[in-house]
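Numbering-wise, the sequence shown is residues 1 to 204 according to the UniProt record's numbering. Below is one structure; the comments refer to it alone.
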Amino acid sequence: MRPSSLKKRQRYLETATELFLEQGYENTGLDQLIELCGGSKLTLYSYFGDKMGLLKAVVTEMTEQFQEIIKFEAVADVSIQEQLVQFAHKYLRFIYSPPLLKLCRLVITQTQNAPELVKYFLERGPYHSQSTLQSFLDEQSQLGHLQIENTRLACEQLLGALRGNCYFDALIANRLPSESERDEYAVHTVEAFLRSYQDGHTER
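Written out as structure tokens, the structure is:
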């Protein structure tokens, strides 16, 4: 694709992101997008296929940005607790990001109409976060630093505890925890998690 075409495509994508997140999928029309960005439906179709393809491109773009935030690289001279707390901080910043919350609400509206899109979002968002954490727990378990027989379950326990009911307050009622509250959740949740898996307790 030529640089000028890439620039045009990106403009469509950025504008569509704003419209979808603020207006919803059903209330956003391609004519509105063309009015703001120029071009034609033929141009849009050549880039994204159709309106649902455009929404999938928005999901791709946004989840890619957040995947960069949630990276987890084990560091030998940093304690497991500190590494998990750092991950917890990033994870909470990730799930309580206003743009991501808007994207979650947007995707939920397509549960019946576009189940494949919902699956795609889950794989690139929540499941990606869990996979990142599980790789770390697998490594620490193999090294004998943690006693975990079922790292998948342990991941769900830690991530679920980090979210708690507060996440539903944010997703449904738009009540977000403060930064200090998030910091407290991160530290206390990791401490409780490690008490289970550094003291010989295991989950089958």
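Think of the CB as a built atom: it goes at the ideal place given N, C-alpha and C, for glycine as much as any other residue.
Taking L122 and L158 to be in contact with their CB atoms under 8 Å, please state how far apart those CB atoms are, rounded to whole angstroms. No, L122 and L158 are not in contact; Cβ-Cβ is about 18 Å, not under 8 Å.
Using 8 Å as the Cβ pair cut-off and three pairs as the minimum, do the segment 8-16 and the segment 28-38 touch? yes
Inter-stretch contact (C-beta, 8 Å, three-pair minimum) for the segment 39-51 and the segment 62-69: no
Quick check on DSSP: helix, strand or coil for I148? coil
Please say whether V58 and residue 207 have beta carbons closer to each other than 8 Å? Residue 207 lies beyond the range of the chain shown here (1 to 204); nothing can be said about it.
Is it right to say S46 is buried, meaning 16 or more other beta carbons lie within 10 angstroms of its own, or is it exposed? exposed
Which term fits L153, buried or exposed, when burial requires 16 or more other beta carbons within 10 angstroms of its beta carbon? exposed
Quick one: using the 10 Å Cβ neighbour count with 16 as the cut-off for buried, is L55 buried or exposed? buried
For M62 and L100, the rounded distance between their alpha carbons: 8 Å
In this structure, does DSSP put P98 in helix, strand or coil? helix
Going by beta carbon distance, what residues of the same chain come within less than 6 Å of Y127, once the five residues before and after it are set aside? none
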